[in-house]
Amino acid sequence: MEAITINTEKLFDLDNINSFAKEWKEAARGNKVLAYYCSHMPEEILYAADILPYRLSGTGVTDDSQAETYMSPFSCSFCRACFQKFLDGSYDFLDGFVASDGCLQPQRVFDNWKFYVRKEDQFVHQFNAPRVYDESALGMYRREMLDLKNAVERFGNYVTNEKLINAIKVYNETRRLIRELYELRKADAPKVTGEECLRITLASMAMRKDTFNELLAQFIEEAKQREPITDYRARLMLIGSSCDIPTYLKIFEDKGGLFVADANCYGSRYLYEDVEIDEKDPLAGLARSYLKRPVCPRMLNIHDDILKNILDTAKEFKVDGVVYTKMKNCDLWGGESIFIDDKIREAGLGLLILDREEIVANAGQVGIRAEAFVEMIETGGLE
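Per the working numbering, residue 501 is the first one in the sequence shown, and the count goes up by one each step.
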């Protein structure tokens, strides 16, 4: 990675990622930080209540043995790593937890936090998102958002329509900037690596979006002045279970691959498509927008939509090969493989399927697979 200014270095310093939230809490009495874990939970509502939304991740965990004693051996290691941070004090700055029903595994993180870690004065709320697309689902989503709004008002500040619309505008600016960042990856000679991009989106989940927007806008201008990346051998796309480990992408990029796109909920599925601004009913606009955006297999009967999103993105970003990572014990992406594997290959794309754990203990093995995959793409050995 090329030299960058002191301000934009904050976007890449994941070792100190919690410093953003801690600084926010210390900036003014009453500033609060609430955890959540799934991208279908509308951050805009928390932001409008002057609360910092903080998305949990397992990034940086090297030992989850404490969490393993609380969670089933069939739990995914991503969730164990998230809970490990509660147990080792990494998340002591949090003021509460908004749980959401993305899949069953993170729900166990919430359950264990609530029974073993939570302090009496910490905020707790269960947010439920629909699993189908129809008018009844839209109504349910809006009601859940209203319940969340009412709950955070009792904990933070009153959320007016004006505040909520302003929050949506701030987040839409984040979405615009992230799309612009991805444009720098789309060119034949990209200016940004996949590892860098993932570091940036991870940072966005841990800081106020107005602050993040300033940093990202500055970084984009700096990145435009870089020398383009021309020494890569294959354009790759990441799909599958949540990936919040930039060094995992670096393994591939050190072997000649370059991640130019993804369908990752810590990447493009986090904040990408704009939210509609409904002046009369901002919650309804939020619900409509969140319901129609590309999501993961937690939704029912959307296998064709998931495949179309992957193939359309691959075409737009001129992808040569798809890296499909499945977290061990990930029911959703493990099952989705049945519906999409063959069709990705039929579309003329290379496909590498890898089982993965949150703590990357087999980097050498992954590197061998990555190098072989890149070489197969380069030599046309996939046909």
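For every residue, glycine included, the Cβ atom is placed at its ideal position computed from N, Cα and C.
What you are looking at is a predicted structure, and each value in this text was computed from that prediction instead of being measured.
For residue i, does the three-state DSSP call read helix, strand or coil?
i      : result
Asp855 : strand
Ser600 : strand
Val775 : coil
Arg735 : strand
Thr505 : Its pLDDT being 43, under 50, Thr505 is placed unreliably by the model, and nothing is read from it.
Phe712 : helix
Phe574 : coil
Asp513 : coil
Val617 : helix
Val609 : helix
His540 : coil
Leu758 : strand
Ala763 : strand
Ala548 : helix
Write down the C-beta distance between residue i and residue j rounded to the nearest angstrom, noting that I regard them as a contact closer than 8 Å.
i      : j      : result
Trp524 : Asn531 : 5 Å
Ser789 : Phe578 : Between Phe578 and Ser789 the Cβ distance is about 26 Å, and since that is not below 8 Å, they are no contact.
Arg735 : Val823 : So it is not a contact: roughly 11 Å between Cβ atoms.
Met640 : Pro630 : 5 Å
Ala527 : Tyr554 : With a Cβ gap of about 15 Å, Ala527 and Tyr554 do not count as contacting.
Ile729 : Thr693 : 7 Å
Leu854 : Gly821 : Incorrect: roughly 12 Å between the Cβ atoms, too far for contact.
Val775 : Ile668 : 5 Å
Pro782 : Asn672 : Actually they do not touch by this definition, with Cβ atoms about 12 Å apart.
Cys582 : Ser557 : 7 Å
Glu722 : Thr562 : Contact doesn't hold; Cβ gap of about 31 Å is too wide.
Phe593 : Ala521 : 6 Å
Tyr732 : Leu702 : That belief does not hold up - the Cβ atoms of Tyr732 and Leu702 are roughly 22 Å apart, past 8 Å.
Leu715 : Lys510 : 6 Å
So does residue i have its beta carbon nearer than 6 Å to some heavy atom of the ligand FMN?
i      : result
Ile668 : This structure does not include the ligand FMN; it has no bound ligands of any sort.
In terms of residues, what are the limits of the alpha helix (DSSP H) holding residue i?
i      : result
Gln584 : 577 to 587
Leu684 : 661 to 686
Val866 : 863 to 879
Val652 : 635 to 655
Phe752 : 746 to 753
Gln626 : Segment 623 to 627 is the beta strand (DSSP E) holding Gln626; no alpha helix (DSSP H) there.
Arg769 : Note, Arg769: premise wrong, no alpha helix (DSSP H); not H, not E.
Ile700 : 694 to 704
Pro782 : 782 to 792
Glu526 : 519 to 527
Gln566 : 565 to 568
Which residue marks the beginning of the beta strand (DSSP E) containing residue i, and which one marks its end?
i      : result
Pro553 : 551 to 555
Tyr536 : 532 to 536
Phe593 : It is not in any beta strand (DSSP E) - Phe593 carries neither H nor E in the DSSP assignment.
Using 7 Å as the limit for Cβ to Cβ distance, is residue i near chain B?
i      : result
Leu811 : Looking for chain B here will not work: only one protein chain is present.
Task: Complete runs of the alpha helix (DSSP H) confined to the segment 815 to 856 [at least 4 residues] - done: List check, alpha helix (DSSP H) in window: 831 to 846.
Task: Meets three-Cβ-pair contact criterion under 8 Å: the segment 564 to 582 and the segment 608 to 621 - done: As far as the Cβ criterion goes, the segment 564 to 582 touches the segment 608 to 621, which means the pair count is three or higher.
Open item on the list: Quick check: the segment 848 to 864 against the segment 745 to 759, are at least 3 beta-carbon pairs closer than 8 Å?
Closed with: The segment 745 to 759 vs the segment 848 to 864: in contact.
TODO: Taking 8 Å as the threshold, find out whether the segment 544 to 552 comes into contact with the segment 648 to 665 through three or more Cβ pairs.
DONE: Taking one beta carbon from each stretch, the segment 544 to 552 and the segment 648 to 665 have 3 or more pairs nearer than 8 Å; the two touch.
Open item on the list: Pairs of beta-carbons, one from the segment 786 to 802 and one from the segment 620 to 637, closer than 8 Å: are there three or more?
Closed with: At 8 Å Cβ cutoff, the stretches touch.
Open item on the list: With three or more beta-carbon pairs closer than 8 Å as the criterion, would you say the segment 759 to 769 touches the segment 798 to 818?
Closed with: The segment 759 to 769 vs the segment 798 to 818: in contact.
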